[in-house]
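Protein chains: 2
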Amino acid sequence: MSDAIKFLEPRQAVVSRRATIIADLADILPPECLVHEPRELVPFETDAFVSYRRLPLAVVLPKTTEQVAAVMKYCHRYGIPVVPRGAGTSLSGGAIPQEDAVVLGLSKMSRILEVDPANRTATVQAGVTNLSISDAVSPQGFFYAPDPSSQLACTIGGNIGMNSGGAHCLKYGVTTNNLLGVKMVLVDGTVIELGGKHLDAAGYDLLGIVCGSEGQLGIVTEATVRLIAKPEGARPVLFGFDTSEQAGACVADIIGSGIIPVAIEFMDKPAIEICEAFAQAGYPLDVGALLIVEVEGSEAEMEAMLKSIVEIAGRHHVKTVRESQSATEAALIWKGRKSAFGATGRIADYICMDGTVPLGKLSYVLEKTSEIVARFGLRVANVFHAGDGNMHPLILFNANDPEDAARAEEAGNEILKLCVDAGGCLTGEHGVGIEKRDLMRHQYSDADLNQQMAVRAAFDAGWLLNPSKVFPLEGRPAA
Amino acid sequence: MSDAIKFLEPRQAVVSRRATIIADLADILPPECLVHEPRELVPFETDAFVSYRRLPLAVVLPKTTEQVAAVMKYCHRYGIPVVPRGAGTSLSGGAIPQEDAVVLGLSKMSRILEVDPANRTATVQAGVTNLSISDAVSPQGFFYAPDPSSQLACTIGGNIGMNSGGAHCLKYGVTTNNLLGVKMVLVDGTVIELGGKHLDAAGYDLLGIVCGSEGQLGIVTEATVRLIAKPEGARPVLFGFDTSEQAGACVADIIGSGIIPVAIEFMDKPAIEICEAFAQAGYPLDVGALLIVEVEGSEAEMEAMLKSIVEIAGRHHVKTVRESQSATEAALIWKGRKSAFGATGRIADYICMDGTVPLGKLSYVLEKTSEIVARFGLRVANVFHAGDGNMHPLILFNANDPEDAARAEEAGNEILKLCVDAGGCLTGEHGVGIEKRDLMRHQYSDADLNQQMAVRAAFDAGWLLNPSKVFPLEGRPAA
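Protein sequences appear in the order of chains A and B.
The first sequence: position 434 = 434 (UniProt numbering), numbered continuously.
The second sequence: position 251 = 251 (UniProt numbering), numbered continuously.
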């Protein structure tokens with residue numbers, strides 16, 4: 001696949017000055033914050049979109065916003081590209097470096113700065129992991145809602161860059177719905193603050209545009225996030241159907257009736273088998289599709305909501321309904337789902353697509369996805385956040401066979417175009433990165449893309465921040 | 001007050017060409033879509049921030065996106081400023097025209113285009129009123145959540161421009177949290193589409209930045225909004241306290257405990273008396289401050305939530321707790337609250353401030369507000385959305401006394417600065433408009449403002465769209 005991925009031509013003027021740049025950075029930062037030995041650069045050569053590797057010019061790991069600002073000021077002055085990096089868990093290649101770039105890693109900025117229950121907020125440094133926010137506020141009865149499968153490792157800074165989601169975002173929204181403010185270093189080293197603990201912000205909502213901008217508008221160093229009260233109880237329930245069509249139509253009907261569970265996850269037959277073999281989660285194996293629906297609240301609330309959902313599922317000929325009877329069983333059900341990617345990786349290579357479709361089109365897109373993958377002679381497993389239409393077809397292939405890999409990539413592109421044509425979108429939570437850069441032209445008109453790039457230029461006219469990502473390489477304005 | 005308000009110098013080259021411009025516009029639009037006789041322009045000379053009036057050059061009332069695009073293309077080519085207008089209910093002067101500008105009113109674009117229950121969305125034209133969206137989707141069991149007090153009149157286009165809120169936004173969020181997509185005409189007449197029925201959007205979140213941009217980035221002509229299922233039941237409950245401090249601390253404690261009612265409205269003693277005299281809502285008159293807390297859901301859910309709230313209120317020495325016993329009583333309670341501005345207008349002139357503060361600072365800011373207003377020899381009534389910290393001090397004064405008016409304005413500015421200094425914000429839901437333009441320098445650093453203006457320039461480099469608003473007149477980049 002890597003053959004298909006092009007980078008911008010490296011700025012030779014930067015590459016040739018590597019030794020000087022490293023010496024300059026060593027003046028700006030303490031020694032433990034600068035990585036430049038080739039073998040030490042290896043951990044930074046790719047991210048979770050592993051189809052491409054390249055060593056960066058250097059890696060800086062600042063400990064303070066002031067250090068980030070000093071690095072940016074320096075790189076801006078000398079025209080050195082900068083690739084920001086959280087934990088490197090990006091599935092779309094958002095953190096992949098390039099040889100003329102300094103990777104700016106936030107991993108040393110991992111402190112919880114404040115927990116404020118009266119305002120339901122936590123203020124944290126950008127390198128803090130997603131899960132450790134919930135851990136820190138748990139004693140006060142709160143949690144941070146967006147929960148990517150990688151939440152043990154991924155950082156809030158990366159979540160902001162990609163506007164990350166997760167299984168429980170159906171009820172609570174994705175990162176942008178849970179972000180209240182950031183401290184951000186602009187490309188020239190200026191530090192700005194956007195949003196805060198208050199509702200709204202006077203002037204333009206720059207906070208909103210920063211969320212999901214994949215590190216191209218500035219380096220977020222601190223974030224204030226909204227906290228949610230832990231529910232009284234929560235219970236996942238399994239609904240098994242004969243066909244994916246039935247399950248998909250059931251999802252649209254649940255949402256159409258006005259019910260919003262915390263999560264509605266979807267698994268087709270291949271996904272059920274893969275996950276059950278790995279996690280022994282107790283999934284039924286005699287069904288063609290499975291929904292994991294999680295309800296929460298008091299016992300009475302859960303009962304009432306479940307009653308309505310069971311009734312709707314009945315109309316779609318549900319075959320199996322199974323409530324978890326214990327916390328252990330509930331944990332197992334989620335373990336099965338959350339380990340889907342890892343479990344799939346044990347049996348085959350795969351690429352995970354991340355398209356979003358209007359719910360009314362769920363069944364149609366699932367059916368067409370099967371057709372597309374079959375046409376390329378490949379297999380697919382579907383395991384995804386059905387409640388908000390965020391699909392994750394996992395296309396299985398053999399990475400040692402370049403032709404198989406090329407077919408998988410082509411099938412993936414067709415599936416994403418299918419999502420767009422159905423009124424949906426190229427991405428739900430993984431971002432565009434390198435992976436979907438060229439597909440942006442399928443989603444957007446030239447006018448749309450030009451307007452996005454004009455906004456980018458208002459932050460970074462020289463294309464220094466994460467320059468190879470998000471936009472097609474051709475048709476960019478001159479830097 | 002109007003003396004204090006400056007406009008940009010009118011572009012004389014535009015004003016002097018008025019007759020030609022009107023003739024050109026008459027070629028572009030059908031006759032019923034163009035208003036230019038001076039006496040017919042009068043209804044457009046101001047908005048609900050009535051301290052300033054000026055006749056526009058002309059008013060256009062297009063019926064289609066294509067007509068909007070044609071007007072923008074023409075105005076862009078000839079450098080004619082354009083002031084977009086919904087229903088003219090802005091409290092910050094967002095729709096006030098200027099004599100060198102064409103007012104572009106969306107009132108003729110008021111159709112509901114589609115209601116889609118499976119995706120919980122409605123797609124409407126920008127000139128549709130806020131309340132008529134809820135009316136249109138009510139048969140399917142849904143409503144549109146943000147509910148400004150002016151919801152009978154104000155339009156969704158205006159709501160998007162100002163990122164409007166309302167009493168019930170505590171649970172459901174303000175406009176930006178309920179907006180999924182727009183069709184928008186750029187300054188040069190290009191039509192773009194942002195967002196859609198799907199979760200997330202690839203590339204930058206331009207939709208988010210358009211919401212709250214006060215008509216400066218483009219003309220929104222269509223919007224897709226999220227619908228919410230109507231709850232099983234809803235019940236407002238009155239909590240009376242001896243002091244505002246107790247009531248304020250109680251609000252912070254409710255939210256801090258993780259409970260999110262649909263609404264927590266606050267009224268101090270003057271506001272209670274004014275509203276009760278007007279609406280006979282049955283508010284207790286022997287208390288110093290009143291909270292209207294609305295809970296919703298099933299009977300059991302409401303009971304459970306109320307139990308917790310009553311317990312917390314008890315810790316703050318609540319004096320009166322009264323649940324509404326009927327739909328009539330509930331409607332009266334809300335009528336009292338929602339008519340607060342009108343009722344105040346019957347007894348005095350007033351200016352309504354719109355600051356937002358972190359909840360932990362509510363009591364402090366209320367106390368300081370009283371001090372400030374007393375220092376200026378004026379009176380204040382406080383009636384506001386306490387649950388999300390969105391304060392609305394109504395400063396009472398005599399508009400026929402210019403000195404009194406000047407004092408009111410000065411007191412208002414001090415109060416807004418107080419909100420900012422307490423970690424809050426100049427606005428919660430009314431926008432910046434003309435009113436708070438110069439205070440932006442108190443909220444933002446030069447770097448912050450310059451970045452906002454750079455983004456504006458990426459949409460409208462010539463400052464043609466609503467140019468006198470949002471940013472201080474001094475220190476703007478050359479157009």
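Cβ coordinates follow ideal geometry from the N, Cα and C atoms, glycine included.
Item, Value
"Residues near residue 270 of chain B by beta carbon distance below 6 Å, same chain, minus five either side", "381"
"Coarse secondary structure for residue 280 of chain A, derived from DSSP in three states", "coil"
"Local Cβ density within 10 Å of residue 427 of chain B, reported as buried at 16 or more and exposed below that", "buried"
"Same chain, Cβ closer than 6 Å to residue 439 of chain A, five either side skipped, listed in chain order", "416 and 426"
"Residue 106 of chain B beta carbon less than 9 Å from that of residue 84 of chain B", "yes"
"Euclidean distance between Cα positions of residue 79 of chain B and residue 211 of chain A", "34 Å"
"Cβ-Cβ distance between residue 216 of chain A and residue 459 of chain A below 9 Å", "yes"
"Rounded separation between residue 176 of chain A and residue 401 of chain B - CA only", "47 Å"
"Cβ-based contacts, 7 Å cut-off: residues of the stretch 196–215 of chain B near chain A", "196, 197, 198, 199, 200, 201, 202, 203, 204, 205, 206, 208, 209, 211, 212 and 213"
"CB contact check: residue 456 of chain A to chain B, cutoff 9 Å", "yes"
"Under 7 Å by beta carbon: chain B residues contacting residue 239 of chain A", "Ordered by position in chain B, no residue passes the 7 Å Cβ test against residue 239 of chain A, which lies about 18 Å from the chain."
"At least 3 beta-carbon pairs within less than 8 Å: the stretch 100–116 of chain B vs the stretch 161–180 of chain B", "no"
"Reduced DSSP secondary structure (H/G/I, E/B, other) of residue 78 of chain B", "coil"
"Residue 2 of chain B (DSSP reduced to helix, strand or coil)", "For residue 2 of chain B, the pLDDT reaches just 44, beneath the cut-off of 50, and the residue's location in the model is therefore unreliable, leaving the point undetermined."
"Distance between residue 88 of chain A and residue 95 of chain A (C-alpha atoms, nearest Å)", "6 Å"
"C-alpha gap between residue 93 of chain B and residue 45 of chain B, whole angstroms", "11 Å"
"Of the residues B:57, B:465, B:262 and B:228, the one placed nearest residue 13 of chain B, counting alpha carbons only", "B:57"
"Residue burial classification, residue 77 of chain A (beta-carbon count within 10 angstroms, cutoff 16)", "exposed"
"Buried versus exposed, by CB contacts within 10 Å (16 or more), residue 65 of chain A", "buried"
"Pairwise C-alpha distance: residue 42 of chain B and residue 63 of chain B", "21 Å"
"For residue 423 of chain B and residue 103 of chain B, the rounded distance between their alpha carbons", "36 Å"
"Residues that DSSP places opposite residue 183 of chain A in a beta bridge", "A:193 and A:222"
"Beta carbon of residue 254 of chain A nearer than 9 Å to that of residue 448 of chain B", "no"
"Coarse secondary structure for residue 314 of chain B, derived from DSSP in three states", "helix"
"Proximity of residue 268 of chain A and residue 383 of chain A at Cβ, strictly below 9 Å", "yes"
"Segment contact flag, the stretch 317–333 of chain B with the stretch 321–334 of chain A, C-beta cutoff 8 Å, min 3 pairs", "no"
"Euclidean distance between Cα positions of residue 54 of chain A and residue 434 of chain A", "13 Å"
"Exposure of residue 235 of chain B, with buried meaning 16 or more beta-carbon neighbours within 10 Å", "buried"
"Three-state secondary structure assigned by DSSP to residue 427 of chain A", "coil"
"Contact set between the stretch 405–430 of chain A and chain B, restricted to residues whose Cβ is under 7 Å from the partner", "423, 424, 425, 426, 427, 428 and 429"
"Residues in the stretch 104–128 of chain B having any Cβ partner in chain E nearer than 9 Å", "Absence of chain E from the displayed structure is noted, the protein chains being A and B."
"Nearest-angstrom Cβ-Cβ length linking residue 451 of chain B and residue 206 of chain A, presumed shorter than 8 Å", "7 Å"
"Neighbour list for residue 447 of chain A in chain B, Cβ cutoff strictly below 7 Å", "190 and 192"
"Boundaries of the alpha helix (DSSP H) in which residue 459 of chain A is found, first to last residue", "446–459"
"Euclidean distance between Cα positions of residue 406 of chain A and residue 393 of chain A", "16 Å"
"Where the alpha helix (DSSP H) through residue 144 of chain A begins and ends", "That residue, residue 144 of chain A, is in no alpha helix (DSSP H); it is neither H nor E in DSSP."
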